[in-house]
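Participant:
Protein chains: 2
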Amino acid sequence: GLSSHHVFAQHPNLDITSDDVTSMRAAVESNGLFQQAYLAQKAMLDEQILLPVDVPVPKDGGGGYTHERHKKNYQLMYDAGIVYQITQDKRYANYVRDMLLEYAQLYPTLPPHPKRKIGKQNPGKLFWQSLNEAVWLVYTSQAYDLILPSLSAGEKTTIEEGLFRPIAKFLSVDSPETFNKVHNHGTWTTAAVGMTGYVLGELEWVEQALYGLDKSGKGGFLKQLDELFSPQGYYNEGPYYQRYALMPFVVFAKAIQTNQPERKIFEYRDGIVLKAIDTTIQLSYNKLFFPINDAIKSKGIDTIELVNGVAVAYGLTNDAGLLDIAKQQNQILLTGDGLKVAQALDNKLTQPYQFKSVAFGDGNDGKQGALVIMRQNVNGEQAVLFKPAAQGLGHGHFDKLTWQLYDRGEEIVSDYGAARFLNVEAKFGGRYLPENKSWAKQTVAHNTVVVDETSHFNANVKKGNANHPELLFFDKNDHVVMSSAKIDTAYKGVSLKRTMALINLPTKNNEAPELSFVVDVFDVQSKNKHQYDLPVHYKGHLISTNFELDTQLTNLPVLGKDNGYQHLWLKAQAKPKAGLSQITWLNDNGRFYTSSSIMDGDTSIIFSQIGANDPLFNLRNENAFINRKANAKNHTFVSLIEPHGEYNPSKEFTLEAVSKVNKLSHQKIENIDVIEITLTNNKRYILAYNAQQNIKDKHVNRFSFNGSTYQFDGRFKLFDI
Amino acid sequence: GLSSHHVFAQHPNLDITSDDVTSMRAAVESNGLFQQAYLAQKAMLDEQILLPVDVPVPKDGGGGYTHERHKKNYQLMYDAGIVYQITQDKRYANYVRDMLLEYAQLYPTLPPHPKRKIGKQNPGKLFWQSLNEAVWLVYTSQAYDLILPSLSAGEKTTIEEGLFRPIAKFLSVDSPETFNKVHNHGTWTTAAVGMTGYVLGELEWVEQALYGLDKSGKGGFLKQLDELFSPQGYYNEGPYYQRYALMPFVVFAKAIQTNQPERKIFEYRDGIVLKAIDTTIQLSYNKLFFPINDAIKSKGIDTIELVNGVAVAYGLTNDAGLLDIAKQQNQILLTGDGLKVAQALDNKLTQPYQFKSVAFGDGNDGKQGALVIMRQNVNGEQAVLFKPAAQGLGHGHFDKLTWQLYDRGEEIVSDYGAARFLNVEAKFGGRYLPENKSWAKQTVAHNTVVVDETSHFNANVKKGNANHPELLFFDKNDHVVMSSAKIDTAYKGVSLKRTMALINLPTKNNEAPELSFVVDVFDVQSKNKHQYDLPVHYKGHLISTNFELDTQLTNLPVLGKDNGYQHLWLKAQAKPKAGLSQITWLNDNGRFYTSSSIMDGDTSIIFSQIGANDPLFNLRNENAFINRKANAKNHTFVSLIEPHGEYNPSKEFTLEAVSKVNKLSHQKIENIDVIEITLTNNKRYILAYNAQQNIKDKHVNRFSFNGSTYQFDGRFKLFDI
Ligand SMILES: [Zn+2]
Ligand SMILES: [Zn+2]
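Structural data, given as structure tokens:
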């Protein structure tokens, strides 16, 4: 049975406790980050509470006045609740009380929202969808908890009977599908109802929130924790939605911890909540989340969801690396955990956060493909994202085995992200643009193989969700991070297998490495002939090619008809001779990047720009080059991407604008792929790997190459020959 | 006659004196910016002096090995000279001595440089052009001055006879055209010879440097100070070259001041050297120089020429605003002035530097047009550059009356700058690209009127230099900065007159202004019919238009055949109805910008992108819209550009994405232009101005408008009606 002795503790007792309040009251009296944050917040609030309370009858959909006003109201109530607790000034409590009383009067009169979308989203009453209603309640239940000590018994009754009981009922027993759904909307809903249950002392609601309406455990918060994250804490829809999903998990878990510590919620599933927070951080580069799937590219670690996540995690773990992230977030929460972070920052306890090379298994079992992050530091921080991940539901992109490169703070090989101008009415109402489907989700919008100008799974989400790539291996040593994966279901009768490595070349006397490469081997096999396209969406200005370009001078035709190709202008094409083709571009970070590829003399290269069939200028005009192998059954694309040199027009120097790669070869020797890299100084390196399925950890590989014999254990080795 | 008693003072005695050295020796012993700079410099130098001295026989042109080596050598000698003076460690002096002895052996054997360009540039011996030779000598004469105390009489004789006397002779009496030329190359040459004269005690060389070889004053440094700057210190070629030109003026003036203070060189021409330094700062926005004419856009105030200028100016004036600039430059010079700056920064004496609205008269008399800068701060720093300036010689662009807008740190309405990848061999050897002439210099590459798709002066430099616009007025008050100018010579039989204002609307109770506009009235008059194009090169993503676009969906044609038009893709066109046309774009700074224009129903708008006829991808693919009035004799383009709102996808809000302008009208009532702006809240404003030539300061203007009578003094008034 549940022990209930914590539940009726004095208020507040959700994410902020009365012990927290004691510390916070002391902290605002002395100089420091917490005091600064408090004074700024209070100043803003002091202006707001002079304005009349406005609780409009719900009318508008997302972005409209009543929608935005109700959102603003929960934030104001939450903020005023905190300032009340800190100042003990009843003006703030009364402000919340007055607003709650208006809601208590309004709420029982409300029908389902007039702007609801029947059959699409569950409707709310204050908002067009119940998701917003749940978010509103997560905050408002906390605001109520914060001012409870100031209320009379009569006020309590009015507010609870008029507002909290009806809304909790509406979100739970009246909306069983959403409440029981193992989905992010369900998490907000169970969190809202569970937290309200703690405040009102309705432990039954908490039980339902945790185990589903029928308390069977088939739905509810714990099931969501079981299903929605991989064992490492990766969320199936990718970083952008992981960041968003984090909020209700962390907020509700914290409330459970406060009220029922015996549930050990932060230890649940081997600490899945803390893992999810940490994984969210790992899924960023230079403060921004990797923009896979439907992602707004400017979203980063300073998002409120992760500010809250980091504060709660720091409160639990005192991990000094989290302070590094908190510092970059530059936002102090007015909570007990926020205070701990602020004081630790004041005391300069920060340690560098450790970004790691890691393969995040996908799916609730962690075995439905993986999202692979490779990192190293060679004259700047580098990251490769390699994506043999699952589809990731409706916001997923058809981009199996795609990749991205980051270096010196910038995107080098990029993903378009979502086609959307968030909340900009003139751009399709601020929603996902039509081009999100026609371009951003399509395979050609990514850095992976397109067969016959069609997208993976024929752009069928259901088919995508039912199939996933298989991670063959992920491993690393001092000079190489490497991973390989395959998928046979993206196209009928075509098998795709890609092996990627981020390497740095060994130096004499263990000096810091100077040369780094991304190695990319993409093997396509089929019994029938197809056209294989492998795009590289590069960021920067094209500097040079070592082959002649046939550039469109006075007329740009469109590249194709459908599946994203209709959005590409054909700017130039080329058919390089057999041997090494090289394409160099200059990124805004001042560094040059060269893609060196092995050419067979029958592969063409197309230079494209996004922008065709774009009547309203919705798309960004970004550039790509596409390796095209037509009329082939099997083909292996082999490329090296090499950062080099520096363009510094401000200081008027340019260094090493030319690639150091002189030759590149690839051979398959039985099960071993052998890549030889020859530099312009005649130094040679061999990267050998075994990407067979299911080999043993201690597997010994041997091969002969150019008359010598080589040997390595495990998956790969970089030979300095 | 000249007093020579300073000249034989103890060495060093050029830009660094022995008094400076005394202070510098003390400063490196205590913590601070100077010590940090010194330790970093010394550490770099300590590595370099371990390497063998390399004084190669000159062979390569710009960018080649011997060219770069001789450049590196002068820097090493200069740095080693300073470190010798600070440390008194003879190793550093010996390093300079050994290098100088090698030069003394080599120099007499040298013929004119093998890579010289006959008839184009004056040749050097160490370098392909004498300009580099002069720069080399400016630094090397200082290095010699710094180590002189360490040398034996024999060493002195060897070095002076073998190197300094021959090179000074070569640059002066053997190259009279360059030496006497009133041009930046002449400044480097006279500075080099004059400084060498001070070190060797050859006051005759100094006299020649100051007054020309024949000492008539028709050439030489003082004549250059008279001719190359306007009275306000504006350099005819624009900020990019002003920055470059500054160096020899400041370095030589400082040496003159040290050796012959009685010349009062810094008071010469009402303090022209200091004015030139300050004007260079004023010609920047957010640390970068306004990129008019042939300019590399990433050049900014942290350039070494301005670091030196600011240090010398601070040494003379102790102006605390200069410290604001020095702080942003983030580079401390190892000189006496550098020390003063470092200590002032250590002592936090910095005051904000005052950027001003100002019209810099062009030409040596300041009456050959003007470069106008308008600034205000309305939710961020704003600047308008308006360019009724003279052609500015060979690096000038055909952009009479063009303009640019900057807001919140970014370019909003832009100038392409130069088409060049400085020192990137693959891009046309790193020189100005062919597209610099075919695109960047052409009128259509700018935000000014193009008549019949031809450029100003038919792109003839000589004709451009012989004609200049006329500034009609420049004036400002709290709400308006305004300027008007005209030119009748850019096109035969067409008169161009433009009036621009940067305004902010008055607020109640003198609250901070919230709304700002750029007002642009471009009046074109001719007796014959022409096509008038007025482009706006905007930076950002097109958000919306209030008229329908006919967008090219599957095929992009080129816009024209020549004069830059051959580089423009025609992306879309429109013919808005008579009334208000509005085009909104979103800049990377997160703000929206709307251009509202008065349409007559017979003007079309063309949306273009740079990139046609660009076989090697040399051009940046930037966007413009072009107002086109065809088949007209007279036409007035009237536009408002309005910054508004905020796009913040990171925090998930979008504010005021829609313009607040509802109506716009323009009438000419006798000599007064009357512009009425009506906002969406029905507030109305009238901006009235009188741009007639030659009116009196106290001129009283009266006009009737919509039944009311209005009156104002001087040039303009903004009426809040
Ligand atoms: Zn994508
Ligand atoms: Zn220009």
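Chains as they are written, first to last, in this note's numbering: chain H, 1 to 721; chain U, 1 to 721.
The C-beta atom is built at its ideal place from N, Cα and C for all residues, glycine as well.
Quick check: the Cα distance between D478 (chain U) and L472 (chain U), rounded to an integer number of angstroms?
Facilitator: Per the coordinates, the alpha-carbon of D478 (chain U) lies some 21 Å from the alpha-carbon of L472 (chain U).
Participant: Secondary structure at D20 (chain H), three-state DSSP: helix, strand or coil?
Facilitator: Correct three-state label for D20 (chain H): helix.
Participant: So, helix, strand or coil for I159 (chain H), using DSSP?
Facilitator: helix
Participant: Within 8 Å, do at least three Cβ pairs link the segment 415 to 431 of chain U to the segment 643 to 650 of chain U?
Facilitator: Taking 8 Å as the limit for Cβ pairs, the verdict is that the segment 415 to 431 of chain U does not touch the segment 643 to 650 of chain U.
Participant: What does the alpha-carbon distance come out to for the pair A383 (chain U) and F355 (chain U)?
Facilitator: 10 Å
Participant: With a threshold of 7 Å, establish whether the CB of D362 (chain U) neighbours any heavy atom of ligand 2.
Facilitator: no
Participant: Between which residues of its own chain and S438 (chain U) is the CB-CB distance below 6 Å, once the five residues before and five after are set aside?
Facilitator: none
Participant: For P231 (chain U), tell me which candidate among U:T196, U:D270, U:N286 and U:Q260 has the shortest Cα-Cα distance.
Facilitator: U:D270
Participant: Does DSSP put V480 (chain H) in a helix, in a strand, or in coil?
Facilitator: Of the three classes helix, strand and coil, the one that applies to V480 (chain H) here is strand, per DSSP.
Participant: Could you compute how far the alpha carbon of Y38 (chain U) sits from the alpha carbon of L210 (chain U)?
Facilitator: 34 Å
Participant: Can we count A501 (chain U) as close to ligand 1, meaning its CB is less than 7 Å from some heavy atom?
Facilitator: The closest heavy atom of ligand 1 lies 7 Å or more from the beta carbon of A501 (chain U).
Participant: Compute the Euclidean distance between the alpha carbons of Y65 (chain U) and Y95 (chain U), then round it to the nearest angstrom.
Facilitator: 21 Å
Participant: Rounded to whole angstroms, what's the CA-CA distance from Y241 (chain U) to E177 (chain U)? Just pull it up for me.
Facilitator: 21 Å
Participant: Would you call the CB atoms of A630 (chain H) and V536 (chain H) closer than 8 Å?
Facilitator: Between A630 (chain H) and V536 (chain H), the C-beta gap is not smaller than 8 Å, which leaves the two residues out of contact.
Participant: For I159 (chain U), tell me which candidate among U:L203, U:F127, U:R97 and U:G194 has the shortest Cα-Cα distance.
Facilitator: U:R97
Participant: Would P513 (chain H) and L502 (chain H) qualify as a contact pair, given that the criterion is a beta-carbon distance under 8 Å?
Facilitator: no
Participant: Determine the chain U residues that contact A426 (chain H) at a beta-carbon separation under 8 Å, and present them in chain order.
Facilitator: I543, S544, T584, A657 and V658
Participant: By alpha-carbon positions, which one of U:Y139, U:I82 and U:G61 ends up nearest to D46 (chain U)?
Facilitator: U:I82
Participant: Quick one: is the Cβ of A445 (chain H) within less than 7 Å of any heavy atom of ligand 1?
Facilitator: yes
Participant: Would you give the residue range spanned by the alpha helix (DSSP H) that L222 (chain H) belongs to?
Facilitator: F221 to E227
Participant: Enumerate in chain order the residues of its own chain whose CB-to-CB distance from Y491 (chain H) is below 6 Å, with the five nearest sequence positions on each side excluded.
Facilitator: These residues qualify, in order along the chain: V451.
Participant: Could you check whether the Cβ of D399 (chain H) sits closer than 7 Å to any heavy atom belonging to ligand 1?
Facilitator: yes
Participant: Starting from H113 (chain H), follow the beta strand (DSSP E) in both directions and report where the run begins and ends.
Facilitator: First-last for H113 (chain H): undefined, no H or E at that position.
Participant: Taking 7 Å as the limit between beta carbons, can you name the residues of its chain near R69 (chain U), skipping five residues before and five after?
Facilitator: Cβ within range, chain order: D54 and P56.
Participant: May I ask which residues mark the beginning and end of the alpha helix (DSSP H) holding N460 (chain U)?
Facilitator: Note, N460 (chain U): premise wrong, no alpha helix (DSSP H); not H, not E.
Participant: V722 (chain U) to Q573 (chain U), Cα distance in whole Å?
Facilitator: Residue coverage of chain U in this structure runs from 1 to 721, which leaves residue 722 (chain U) outside it and unanswerable.
Participant: Given a cut-off of 8 Å, decide if V638 (chain H) and N563 (chain H) are closer than it, judged by their beta-carbon atoms.
Facilitator: Result no, Cβ atoms of N563 (chain H) and V638 (chain H) do not sit closer than 8 Å.
Participant: According to DSSP, simplified to helix, strand and coil, what is Y730 (chain H)?
Facilitator: Residue 730 (chain H) falls outside the range modelled here, since chain H spans only 1 to 721, and no answer is possible.
Participant: For ligand 2, is there any heavy atom lying closer than 7 Å to the beta carbon of N563 (chain U)?
Facilitator: N563 (chain U) has its CB no nearer than 7 Å to any heavy atom of ligand 2.
Participant: Would you please state the rounded distance, in angstroms, between the beta carbons of N546 (chain H) and S581 (chain H)? I believe it to be under 8 Å.
Facilitator: Beta-carbon to beta-carbon, N546 (chain H) and S581 (chain H) are separated by about 6 Å, close enough to satisfy the 8 Å threshold.
Participant: To which residues does DSSP link M599 (chain H) through a beta bridge?
Facilitator: H:G579
Participant: Show which residues of chain A have a CB atom less than 8 Å away from the CB atom of P535 (chain H).
Facilitator: The structure shown contains no chain A; the protein chains it does contain are H and U.
Participant: Any beta carbon from chain H within less than 8 Å of R715 (chain U)'s own beta carbon?
Facilitator: no
Participant: Does the segment 479 to 487 of chain H come close enough to the segment 374 to 389 of chain H to have 3 or more Cβ pairs within less than 8 Å?
Facilitator: Contact holds: three or more Cβ-Cβ distances are below 8 Å.
Participant: Once you ignore the five residues that flank G363 (chain H) on each side, which residues in its own chain have a CB closer than 8 Å to its CB?
Facilitator: S230, N236, G369, A390 and H468
Participant: Buried or exposed: where does R91 (chain H) fall if 16 or more other Cβ atoms within 10 Å of its Cβ makes it buried?
Facilitator: exposed
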